[in-house]
Each structure stands twice: as structure tokens, then as C-alpha cells.
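Right, one structure below, let's go through it.
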Amino acid sequence: MNQMRSKMKKIFSRANIPEFLQNRRLRGIAIMTAALAILGIVLSFLLNWVFGIIALVLVGIATLMIFNTMAEIGDDTTQYISDLSFRIQQGEQEALLRMPPGVMILGDSDQVEWVNPYLQHYFGDTDVLSRSINDVDAELAKLINDAEPKTMTTVKWRDNRFTLFVEPDFHAVYLYDITHYQLIQEQYDNEKIAIGQVFLDNYDEVTQSMTDQDISNLRNYVTNELSAWVQQFDMYLKQLDDDHYFVLAYAQSLAEIEADKFKILDTIRETTSKQNFPLTLSIGIAYGDPNLNKLADQAQSNLDLALGRGGDQVVVKAADQEARYYGGKTNPMEKRTRVRARMISQALQELMNESDQIFVQGHTQPDMDSLGACLGIRRIAKMNHKTCWIVLDKETVHSDVQRLLDNLKAYPDLDAAIISPQEALEKATAQSMLLMVDHSKPSISISADLYHRLENRVMIIDHHRRGEEFPENPLLVYIEPYASSTCELITEMFEYQSQEGEPINKLEATAMLTGIFVDTKHFSLRTGTRTFDAASYLRSAGADSIEMQQYMKENVDSYLQRNHLIEMVEFVNEDMALIAGEEDQTYDPVTAAQAADDLLNMSGVDASFVITRRADGRVGISARSLGEINVQLTMEAMGGGGHLSNAATQISDKSVAEVKQQLLDILNPSEEPANAAK
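Below, the structure is given as C-alpha cells:
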């Protein structure tokens, strides 16, 4: 408004008479005209005095008319400018009073000095002038105090949405009502499409021994329950196969079922369990992408993630965002069969034959299951006449693994097959294949550089639940969370390999059986019939139980450290035991894990957490449970992972006390029992 006013003044000031006469060019013309008039008068007098008088009179009359005309123009211009200025000023006042944005001027003590009528409308008949804004409306006062100066902020006030702008230089507050546009935005967001895949985890296994009538009844029950569920939340359901369904929903419906915590999982599992046909669901849901093809691919990927984590759970995830998990309250049910083991074994054989050499590596800080699995893969490669290298950093191994490495010296071929990460990088070619065993996260591989070198030639064999971090394009994936150990999975492959090669030797069998023995806590946890079958095979192959005991022996320092940690135990929610080591003391991760295992032997302890400073400077947590409490979800919330009953994490740039408080906040979000972890 001020700019318009200055422009108008500038335009019309040019028509002002005094300024007109001060114009250099026009002044020159006026002087020349006057000189010509005088010259004409002089010449007229020289010719004839009568002509001179006539010319003088005419010039005088013309001069008088010109000055009168210019005076009238000046008066009209002045009046016009005056009227225009009045109209501009009146427009400014009207705009300030009637403009849609609300305007409030505050005094130095936050008292309201002025509000425009638009904003007064929201206060109704309340008198706001000369009163503190906090007394007038405490909610608005808080919004103003919390707002970043000179920054547009969207706020909710009196059931409306506003854009709030605070101008501290003038003590002014501006409120733009955007409720209408916000409602449109919310409707748009609520109506975004979400695609889901529903899978019955163990349908084939459950129905194998059922009659046709029972199968039909079970199928009808599941379909009816799912149909009622989708109708409750206004979704669309389509059955694709006996054990596979397709779900289409709006984002608003997705938010509602997330708030409901996907109780459909508990309903179907509990009802079918009572009928002695325990059936579980896995669901993958994707949202947030306008491309339906990408959305469908993401939904399938989320379902694969749910199945890789053991099933009986839901994964909700948008591309490039963190996944949200629901369910996963029970141990995974056995779904693998010997048919699948044979198919995986044959696929592994084909991939090995297509590769010039094989590299196998476990996770950092390898345990007996990790190294035993590496030895098993090397033996399978030798059965297929392929060169296989075991990648290992010998500087970071624990005492039990070191004892195994010492015994390898009696087997020159085996000892020579173990190479460092740097040697592996030098040997790797474009036709090499990498097997990741006992883990599926590239970040915790012994050699992450080797993974990146061969990321398009990777196979995974693991018994841990799959996490978000996962290789993008693996050649083959064999993840079975039900299995006791990776050594168990690999042992089952031996009988399907070529029998022409040299069979598994005594040391390899002993190492693999030790891996099973350690991961099952002496065959007390996560064991099934297949576990004992694998142990029996290894025992028949020459596994030495006496040598196993030698590998599992604990040195005196570790024993004393573990007992020292146990002395510092404290209890959380009565059924959880917690240990936090000293800030300036480092502990071996295996020692911390053993302390967590020992705590479960205490009466009333269903879960245990041991927090210690590691030698690499990070703070580690070893978490264990008896199965009732899902420690995997707790560790995932802190950036780790693992099993329902066996999980861990490592955290950088935090003290032991800070990590302990973070864990307590997760276990007790509202000073209540740790429901979030159950």
C-alpha cells in the first residue's frame, strides 16, 4: 500500500506547476518563447508604432491566459492528489480492519493493545484490550510464546488450524485461518492407498493331518474372521489362494488398525489353538507411494520381512522409512521341511558350480555357531570340488574360538583356508560368491568391504529373525527362525550333497555340534526334533563330546568377571533382572552374554539385560528371556535385533548410565510393567 502511494505521488508531482517551471528543458523553451515575443514587439515598433502596440497587447493577453490556465491545472492536480491520498489512506484502514488474517498488537508487558475485527471474532464478546494475553486466552498465549519468531508455524487453536507468524520488532501477531485447506489436506492424506498381503504362516503344515471337512471349516473360519476384520475398518479383502489374501485400505483405516494393534492376529491364533490347530498370520502392509506397482512390491517385501522374522506378526513400512512391527509374541512355529532343505541344498550346489571360488564369513565377534557354520559350508564346497575361503579376523576372537583355531593346525588344509579380510578382498573376483552365515546384516559382517565387493553374488543362511537391514539382491536366502542354530541348517544339507567328495571330518563335526550345543543352552532352548536329528548326524560323523567340553571351558578371568557382574543385579518390574557394568571397566561380550543367561536361572526372572562397556568403546546390551517377554522388540527399539528370547545391541557415543536409562524408558514407558516388551 505504501509503495502504491509513493508511486502515485511521484506520477502526479510531475504535473505540479512550480516543479513544471523548474524543469530545465521547459524553462529553456519558455525563455526562448519570451525572447521571440519581445523580439516581435521590438520589430513591430520599428516598423510601425501602431503594430508595436497591437503586438504588445496580444502578447500580454496570451501571457495572462497561459498563467491562468496553468494555475487552474495546478489547482485541479492538487485537489486530485489530495482526494487520491485520502482514498489510499482510507483503503489502508479498511484493509487493516477487514483483511482476512487476524492481527494483534501486544505491548511490552504482553497486554493486548489492539486487535482487528477479524481476530476479535474468535474472542466473541470478550473484552481483550488492555488485558494480558495470558488472561484473555492461555492457550493462544502458549502458542505465541512457543512460536519461532519470524517463522510460519501451523498451530491448532479453538478447533481451527492457523498459520501463526510472530513479528517481535513490532510486537505483532498474525493468524491466518487455514482450516479449510487443512481439512482438504487431511482428507487427501486419509484417502491415500495402502496395500497389504496376508499369509497363513503354517497352513500347509496344519492341514496335512486334517480331514477335508476340517480343512474346509478352518478355511471358512479364517476367511470369515478376516472379512469381519476388514469390514470393521472399511477395507477390501480378496482371497488369492488357500493361504494368501490381498488387502486394500485407505491410510485412515491403516491408522485405526495400528491403534488396534492388529488384534486379528491374537484372535485367530488363540481360537485355532483351542481347536488343536494353531494357525498364525503374517501381514505386510505398504503405504505412502503413489505408484501402485511400487506399493505392491513394497507390501510383498514387508511380508517377506515378517516371515523372515518368524511369522505371527505384522510389518508396516513405507519406502525409505523405518518399519513398524506388531505381534511377534510367540516363538516361530516350525515350517521348514526336509523337502525345502533338499531344495536349498541343491540350489547351493548349483550356485557353487557357477562360481570360481567361494567366500564364507560370519558376524563380528564370531561364536562357535558362526565359525562352525563356516566350516560346514567349506566342507560342502569341497564335496563339490570348489575352493572355499573362510574369512576371519583372528585378532577379535574369543577364547573358545581361539582353542578351535589352535586345533585347526592339525589339519593343514583347514588352517590354510582361513584368511584375513584383506586377503579375501585381494582374492575375490566378479565370479566369486559370498555366503553370509549366522547373520543377515551386512553392517555386522566380519568384512563389510567384501560384502560390498560381492553384493550381487551373496547367499544368506541364518537362524535369526530378519531385520530391516538386509542385502538388496541376494542370490538365495535360507532364513529359518525356528532352527536352533545355523549349524543345524547346514548339517541337514550334507545328506543331499555329492558323496564322491571327502565327508565331514571329526573336527568339523565337533565344531558344528558345539555351535548347536551353545546356541541351545545345552539343548534346553529353541530345540525341536530336527535339532536332535542334526546332533545325532554330527555325533555319528565323529563329533567328540570331550573335545566339545574343552572348547566351552571358561578361563578364570571371564569366570570372575561374570560373577562380578551378577553381584550388581537389580530388578525391574519384579520379573526382569538388569545389570549395568562400571563405566570405566570393559567386559568381553561373551562374558556379558553368559551373565545374562545365568540370570534366567534365578527364581522369578523371566528376562534379563546386561549392559557393559565393550573394548571397542561402544556400550553393548545382552538380552535374554524364557519366551514370555519378547526381548527382540526391545533391542530393535535400541537399534539391535535377534530372537524373541535372545537379542542384543551395541550403542555408540553414550555412557553406560545413559544406555541404562534409555532401556528403562522402553521397559517402563508410563511407569507400568513393560508391556511394550511383551
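If you're matching positions, the sequence shown starts at 1 in full-length UniProt numbering and goes up one per residue. Just so you know, even glycine gets a beta-carbon here, dropped at the ideal spot from N, CA and C. Source: prediction; values computed, not measured.
- Three or more pairs of CB atoms, one per stretch, sit closer than 8 Å, so the region 494 to 513 contacts the region 340 to 358.
- Taking Arg403 as the centre and dropping the five residues before and after it, the same chain places the C-beta of Gln550, Tyr551 closer than 7 Å to its C-beta, in chain order.
- Here Gly327 really is in contact with Leu265; their C-beta atoms are around 5 Å apart, less than 8 Å.
- In this structure, DSSP gives His522 a state outside helix and strand, which the three-state scheme calls coil.
- Within the region 395 to 482, the complete alpha helix (DSSP H) segments of 4 residues or longer fall at 399 to 408, 412 to 417, 421 to 427, 448 to 453, listed in chain order.
- Counting the other CB atoms within 10 Å of its CB gives Gln298 a total of 16 or more, which places it among the buried residues.
- Looking at Leu414, Leu435, Arg453, the one whose alpha-carbon comes closest to that of Thr429 is Arg453.
- In the structure shown, Ala541 falls within a coil segment according to DSSP collapsed to helix, strand and coil.
- In this structure, DSSP gives Asn68 a helical state, which the three-state scheme calls helix.
- The alpha carbon of Ser536 has as its nearest neighbour, out of Lys521, Met512, Ser524, Asp519, the alpha carbon of Met512.
- By the criterion of at least three beta-carbon pairs nearer than 8 Å, the region 614 to 629 is in contact with the region 643 to 663.
- In this structure the region 468 to 475 touches the region 436 to 443; the number of beta carbon pairs closer than 8 Å is three or more.
- DSSP places Glu113 in the uninterrupted beta strand (DSSP E) bounded by 112 to 115.
- In the DSSP assignment, Ser558 falls within the unbroken alpha helix (DSSP H) covering 556 to 566.
- Here Leu281 is bridged, per DSSP, to Leu200.
- Across the structure, Thr510 and Arg539 are spaced so that their CA atoms are roughly 8 Å apart.
- Pairing Ser447 with Glu258, the inter-Cα distance amounts to about 38 Å.
- Uninterrupted alpha helix (DSSP H) stretches at least 4 residues long and entirely within the region 497 to 521 occur at 506 to 519, given in chain order.
- In its chain, beyond the 5 residues on either side, Asn202, Val206, Arg269, Thr272, Met333 have a beta carbon closer than 8 Å to the beta carbon of Pro278.
- The shortest C-alpha to C-alpha distance from Ile461 to any of Leu450, Asp438, Ala483, Gly467 is the one to Asp438.
- In the three-state scheme derived from DSSP, where H, G and I count as helix and E and B as strand, Gly620 is classed as strand.
- If you ignore the 5 residues before and after Leu375, its C-beta comes within less than 6 Å of the C-beta of Glu508, Ala511, all in its own chain and listed in chain order.
- At a Cβ-Cβ threshold of 8 Å, Phe199 and Ser301 do not count as neighbours.
- CA-CA distance, Leu599 to Leu565, rounds to 10 Å.
- By the neighbour-count criterion, in which 16 or more other beta carbons inside 10 Å mark a residue as buried, Val50 falls on the exposed side.
- Shortest Cα-Cα distance from Tyr451 to any of Ala657, His464, Gln422, Ala607 involves Gln422.
- Counting C-beta pairs with one atom in each stretch, the region 652 to 666 and the region 614 to 621 have three or more that are closer than 8 Å, which means they touch.
- Per DSSP, Met602 lies in no alpha helix (DSSP H) segment and is marked neither H nor E.
- DSSP, read as helix, strand or coil, puts Phe359 in strand.
- Selection Lys142, Leu633, Glu574 evaluated against Gly604 yields Glu574 as nearest (Cα-Cα).
- Here Glu583 really is in contact with Arg613; their C-beta atoms are around 7 Å apart, less than 8 Å.
- About 14 Å separates the beta carbon of Thr280 from that of Gly308, a gap too long to meet the 8 Å contact definition.
- Contact between Gln365 and Val391 is ruled out by a C-beta separation of about 14 Å, above the 8 Å threshold.
- Inclusion of Arg466 and Leu305 in the CB contact set at 8 Å is warranted, their separation being smaller than that value.
- For Lys192, the three-state secondary structure derived from DSSP is coil.
- Residue environment: Tyr181 is assigned as exposed (fewer than 16 neighbouring CB atoms within 10 Å of its CB, all protein chains considered).
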